[in-house]
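Novice: Quick one: structure below, then a few questions.
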Amino acid sequence: MKPVIALDLDGTLVSCAPRHQRLMRHVCGGDALDEDFIPRYWAAKREGASNVSALRALGHPSPHARAEAWARDIETWPWLGYDRLLPTVAESLTARRVRAVVLTARRCRAMVHQQVQRLGLLHLVDDLIVVSPHDAARCKATELGRLRAQGFIGDAETDADAAAAAGVPFAALAGGMRSAAFWQRRGQPSYPDFAAALAALPS
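For what it's worth, my numbering labels the leading residue of the sequence shown as 3, then goes sequentially.
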């Protein structure tokens, strides 16, 4: 039987920056913001900030209200339509010698299924598992154990924590929700793209 490699979705297989930034720009549409506010907001998130803490640090007067409005819509259409497969994903999964399982924390499995089908990702993976985002690290760790995964590729600290809890080798991507500098501060090697992360896992 092929070894199982678990894969996060957002920021690992599909882009997340355009969706996150466009939606925040939308919910802040009536606010008087500097031209570079949204890029600075995204840069803060990439270094580990939450929406609330990033907005607060940038001096937004209503960080909680804007963060709540963003959270209501971030996993809905049309915003999901801004995601695209990241470079090296399709070719790496096509040539894979492993059982590839998407393991993502989202609110609605049906919406995830629609999105991965639309992006042409559904036929490239062997299974799709969606867990609650409210306890993502613990839920992902449970699934990693159940799958007897041989590795996990992700782009956020919840992915790293889940892999550590499950005793599974982890490969961090530096192009998604967290930057290379963020991973370096955690003492975690990171990789510039999916192909490099996949190659770094034990064969």
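Backbone N, C-alpha and C define an ideal beta-carbon position, used for all residues, glycine too.
#1: Buried or exposed: Q119, going by 16 or more other Cβ atoms within 10 Å of its Cβ?
#2: For the beta strand (DSSP E) that contains D129, what are its first and last residues?
#3: With distance defined between alpha-carbon atoms, name the residue in M3, I7 and A19 nearest to G83.
#4: Assuming L87 contacts L121 under a Cβ cut-off of 8 Å, what Cβ separation, rounded to an integer in Å, is found between them?
#5: To the nearest angstrom, how far is it from the Cα of A2 to the Cα of D161?
#6: Kindly indicate which three-state DSSP category G83 falls into: helix, strand or coil?
#7: Can you grab the Cα-Cα spacing for the pair A164 / H136, in whole Å?
#8: Which residues share a DSSP beta bridge with A173?
#9: State the Cα-Cα distance for the pair G169 and D36, rounded to the nearest angstrom.
#10: Beta-carbon within less than 7 Å of S134's beta-carbon, same chain only, minus the 5 sequence neighbours each way: which residues are those?
#11: Please state whether the Cβ-Cβ distance between R58 and P65 is less than 7 Å.
#12: If contacts are defined as beta-carbon pairs under 8 Å, then V103 and I76 qualify, I think. What distance do you get, rounded to the angstrom?
#13: Taking Cβ positions only, does R180 come closer than 7 Å to chain D?
#14: Any idea what DSSP makes of R109, helix, strand or coil?
#15: Among the residues of its own chain, which have a CB less than 6 Å from the CB of G13, if the five just before and after it don't count?
#16: Identify the continuous alpha helix (DSSP H) that holds A8 and give its terminal residues.
#17: Specify, as a first and last residue, the run of the alpha helix (DSSP H) that P41 falls within.
#18: Which partner residues does A197 have in the DSSP bridge list?
#19: So the alpha helix (DSSP H) E70 belongs to, where does it begin and stop?
#20: Taking the Cβ atom as the reference point for each residue, do S284 and A174 lie within a distance shorter than 7 Å?
Specialist: Let me lay it out:
#1: Here the question's residue 119 lines up with position 117 in the sequence shown. Looking at its Cβ environment, which holds fewer than 16 other Cβ atoms inside 10 Å, Q119 is exposed.
#2: The residue given as residue 129 occupies position 127 in the sequence shown. From DSSP, the beta strand (DSSP E) with D129 extends over D129 to V133.
#3: Taking the sequence shown and counting its residues from 1, the one referred to as residue 83 is at position 81. Taking each of M3, I7 and A19 in turn and checking the Cα distance to G83, the smallest one comes out for A19.
#4: What you label residue 87 is simply residue 85 of the sequence shown in a count that begins at 1. What you label residue 121 is simply residue 119 of the sequence shown in a count that begins at 1. Between L121 and L87 the Cβ distance is about 6 Å, and since that is below 8 Å, they are a contact.
#5: As displayed, the chain neither begins before 3 nor continues past 205, which places residue 2 out of reach and without an answer.
#6: As a first step, residue 83 is located in the sequence shown; it is residue number 81 there, counting from the start. Here G83 sits in helix by DSSP.
#7: Position 162 of the sequence shown, counted from the start, is the residue given in the question as residue 164. Position 134 of the sequence shown, counted from the start, is the residue given in the question as residue 136. For the pair A164 and H136, the Cα-to-Cα distance works out to about 13 Å.
#8: Position 171 of the sequence shown holds residue 173. Its beta-bridge partners are I155.
#9: Residue 169 sits at position 167 when you count from the first residue of the sequence shown. Residue 36 sits at position 34 when you count from the first residue of the sequence shown. Rounded to whole angstroms, G169 to D36 spans 45 Å at the Cα level.
#10: Taking the first residue of the sequence shown as 1, we reach residue 134 at position 132. So the qualifying residues of the chain are A107 and C141.
#11: If you number the sequence shown from 1, residue 58 lands on position 56. If you number the sequence shown from 1, residue 65 lands on position 63. It is a contact, given that the beta carbons lie within the stated cut-off.
#12: Counting from one through the sequence shown, the residue named residue 103 turns up at place 101. Counting from one through the sequence shown, the residue named residue 76 turns up at place 74. That pair is no contact at about 23 Å.
#13: Here chain D cannot be found, since the structure has a single protein chain.
#14: Sequence index remark: in the sequence shown, residue 109 carries index 107 (1-based). Here R109 sits in coil by DSSP.
#15: For this step, residue 13 is matched to residue 11 along the sequence shown. For G13, the CB contacts under 6 Å within the same chain, skipping 5 residues up- and downstream, are D157, G178 and M179 in chain order.
#16: Locating residue 8 in the sequence shown gives position 6, where the first residue counts as 1. Per DSSP, A8 belongs to no alpha helix (DSSP H); it is in the beta strand (DSSP E), V6 to L9.
#17: Along the sequence shown, one-based indexing puts residue 41 at 39. Taken as a continuous stretch (DSSP letters only), the alpha helix (DSSP H) holding P41 covers F39 to R48.
#18: The count along the sequence shown starts at 1 and reaches residue 197 at position 195. Per DSSP, A197 has no beta bridge partner at all.
#19: Working through the sequence shown from its first residue, we reach residue 70 at position 68. E70 -> alpha helix (DSSP H) spans P65 to D75.
#20: No information on residue 284 is available, as it lies outside the stretch 3 to 205 that the chain covers here.
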